[in-house]
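Chains as they are written, first to last, in our numbering: chain A, 1 to 630; chain B, 1 to 102. In what follows, a structure is listed as structure tokens, so that the remarks can point back to it.
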């Protein structure tokens, strides 16, 4: 049943077409059944394809399906073709499954919205584009999906377009990611001119044959691809758009800005890992970007008041972990963390959505409190998600994936103690800000009226994702705990295994203990500061240092301010200054000349017949004079 | 009887034409304007006749008959317009009919 692969992206696209063309005339029930049903069908097909891929693997663990030739110009003829290997299979399953749950949730969550069918049309278009991106056989098709998800991100951030703030956030997301996309496009031009193809597998083969390790072309190509990945995945220095992207509806934040689209950069680097292996310098940059981003975003998450912004910074930080893993060559660890992160971060966003719904659009955590008894299902699932995000040892998926990354950062040939320490501090921050959020929202005094229409469609996705946030980690057990690396083995045919050059099993065990202690102590610190002895935290927050740091971190380390003053304002100034340029003055001159002539000629039109007659007579005399004397 | 030199005839035609034109330009009464136009038409007709007699061709006289017909048509339409003008404005002053201006 592998040949049904094309249906996986095609069904959501079909759903989009139906909803876009006829959505306004359909009832809410049929809109929901088309919107959710198309993604559900895609999920079923993906599961079927996945099962058949696992039980009867094709040759070389890769299956490619060509549908038609897209463009044919000279020797450049990219195909509409899908490529299925373990990497794209895992991505497809995660994307379809999480998308399906979030669509199901949205069908209840968005029920009172005016643009119900518009919402589902965009969401289906997004899923289709994301699957195109993941399954693409060549870089051009991948780029099409890449831009498609960017477009949907823009449309959905600005879903409530009547508020100009949302439109601004949408434009910011679009423009900032565009900077990365431009680098990506230039990278593709470079690959095509140098290697003569855009088919991903051929590019990798030819690059490995033609370029030596560290050659200039390999460095340039991988650096340009990294630019695209950094923009899409909201990493330093293009991370500023993601916190503002929270202006969109909560299911959108869960699907696009946490679980799937923002991890496209990670997928891209993993997909092009051969190129990055040829450029160790760029790979080191990837690791450093990841470590720096995870720390910066962690500190910012610590001081946010808006529950969704905490989760946004947390997403940036967790993708930083994935970049760290990619940078040290722990490819499958990055994809593993991508998968577990998709589960628990989608869960956290959806649970936060229920909280916001119950609090009547209140986002400020300091106005919440005591929701534990009012929203039991939400509380327990949120707690499981938070535990998984904080990498609570042994029982959560987040522990296994984050541990693999930290172990890779320590033991890889390009790893170092510094990267490991960065990851560890990040882990402390993660559990601190996560449980700050849990304690502020669900514990303490009740100080707000809570009411919402409970619906099975809201609760079911939470429960399923909570289960996955726990059991999702058991597919990869480290050598110290059972030693069953199913996930890495499955990835083995695409992503080379990491060579652990530093440390043995005993070191790994010690490092795991340290990571576990750090995670638990972060939770304990959060308990002290935000539940047990809240005054302590408040005294620090009020001190001079505390205020400065809080302001600085709250604004995301001043990056917005920096970009506003170094790029936006000079550009706006330049545009203003250049408004009346030379070329414009030519056209303005023509317009002004016409106005003058109009004024003159209008004055001759007096309405008096005798003046007209005089004009005719004088004209005739002049004409005759010219004819006679010249 | 010796024929008149052509120059005399053309001179008369030119004088008549200029007088007619002057009448059109300076008169304000629309009836007089129409009469001045008649004079200009007849001046043109005279020029044709003189030219026809100079080259002994009948074409000049044919053109004159054509001009007479055109003048008759013009006067019938013109007088109808004059009647309309008088009904609307209670005057025959053309300068009063100056509503159509820019």
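Cβ coordinates follow ideal geometry from the N, Cα and C atoms, glycine included.
query                                                                                                                                                                                     : result
What are the boundary residues of the alpha helix (DSSP H) that residue 512/A is part of?                                                                                                 : 505-527
Quickly, what does DSSP pair residue 306/A with across the bridge? List them, please.                                                                                                     : 364/A
Does residue 58/B come within less than 8 Å of chain A when only Cβ atoms are used?                                                                                                       : no
Following the continuous alpha helix (DSSP H) through residue 343/A, name the residue where it begins and the one where it ends.                                                          : 331-358
Let me know if residue 461/A comes out buried or exposed under the rule of 16 or more other beta-carbons within 10 Å of its beta-carbon.                                                  : buried
Please classify residue 249/A: is it buried, with 16 or more other beta-carbons within 10 angstroms of its beta-carbon, or exposed?                                                       : buried
Would you mind stating whether residue 265/A and residue 308/A have Cβ atoms separated by less than 8 Å?                                                                                  : no
Check distances from the C-beta atoms of the region 84-100 of chain B to those of chain A and list, in chain order, the residues that come in under 8 Å.                                  : 94, 95, 97, 98, 99 and 100
Listed from N- to C-terminal order along the chain, which residues in the region 9-23 of chain B have their beta-carbon within a distance smaller than 8 Å of any beta-carbon of chain E? : Note that chain E does not occur in the displayed structure, where the protein chains are A and B.
Which residue's Cα is closest to the Cα of residue 48/B: 96/B, 29/B and 60/B?                                                                                                             : 60/B
So, for residue 70/B: in the same chain, excluding its five sequence neighbours on each side, which residues have a beta-carbon less than 8 Å away from its beta-carbon?                  : 41
Identify whether residue 625/A lies in helix, strand or coil by the three-state DSSP scheme.                                                                                              : helix
Skipping 5 residues on each side, what residues in its chain have a beta carbon closer than 6 Å to that of residue 408/A?                                                                 : 325, 328, 330, 333 and 498
Are the beta-carbon atoms of residue 604/A and residue 25/B separated by less than 8 Å?                                                                                                   : no
Do residue 340/A and residue 398/A have their CB atoms nearer than 8 Å?                                                                                                                   : yes
Which residues in the same chain have their Cβ closer than 7 Å to the Cβ of residue 97/B, if we skip the five residues on either side of it in sequence?                                  : 85 and 89
Is the shortest distance between the beta-carbon of residue 25/B and the beta-carbons of chain A less than 8 Å?                                                                           : yes
So which residues on chain B does residue 618/A lean against when the C-beta distance must stay under 7 Å?                                                                                : Here the premise fails: no neighbours, minimum Cβ distance about 10 Å.
Can you list, in chain order, the residues of its chain whose CB lies under 8 Å from that of residue 235/A, leaving out five sequence neighbours each side?                               : 229, 265, 289, 290, 293, 316, 319, 320 and 323
So what does DSSP say about residue 111/A, is it helix, strand or coil?                                                                                                                   : coil
Would you say residue 607/A reaches chain B, if we count a Cβ-Cβ gap shorter than 8 Å as a contact?                                                                                       : yes
Would DSSP call residue 455/A helix, strand or coil?                                                                                                                                      : coil
Please classify residue 101/B as buried or exposed, where buried requires at least 16 neighbouring CB atoms within 10 angstroms.                                                          : exposed
Let me check understanding here. Comparing Cα to Cα, which of 58/B, 18/B, 95/B and 55/B lies closest to residue 618/A?                                                                    : 18/B
What does the alpha-carbon distance come out to for the pair residue 58/B and residue 66/B?                                                                                               : 13 Å
Can you give the Cα-Cα distance for residue 145/A and residue 126/A, rounded to whole angstroms?                                                                                          : 9 Å
Does the separation of the CB atoms of residue 433/A and residue 510/A fall below 8 Å?                                                                                                    : no
With residue 66/A as the anchor, note down where its alpha helix (DSSP H) starts and where it stops.                                                                                      : Premise fails: residue 66/A lies in the beta strand (DSSP E), 63-69, not in any alpha helix (DSSP H).
Measuring straight from C-alpha to C-alpha, what distance separates residue 105/A and residue 438/A?                                                                                      : 22 Å
What residues of chain B sit near residue 613/A, judged by a beta carbon separation below 8 Å?                                                                                            : 24 and 25
Roughly how many angstroms lie between the CA atoms of residue 2/A and residue 383/A, to the nearest whole one?                                                                           : 39 Å
Using a Cβ-Cβ distance cut-off of 8 Å, determine whether residue 610/A contacts chain B.                                                                                                  : yes
Rounded to whole angstroms, how far is the Cβ of residue 179/A from the Cβ of residue 169/A, which I believe are closer than 8 Å?                                                         : No, residue 179/A and residue 169/A are not in contact; Cβ-Cβ is about 16 Å, not under 8 Å.
Which residues does DSSP pair with residue 21/B in a beta bridge?                                                                                                                         : DSSP lists no partner for residue 21/B.
From the DSSP output, in three-state form, read off residue 161/A for me.                                                                                                                 : coil
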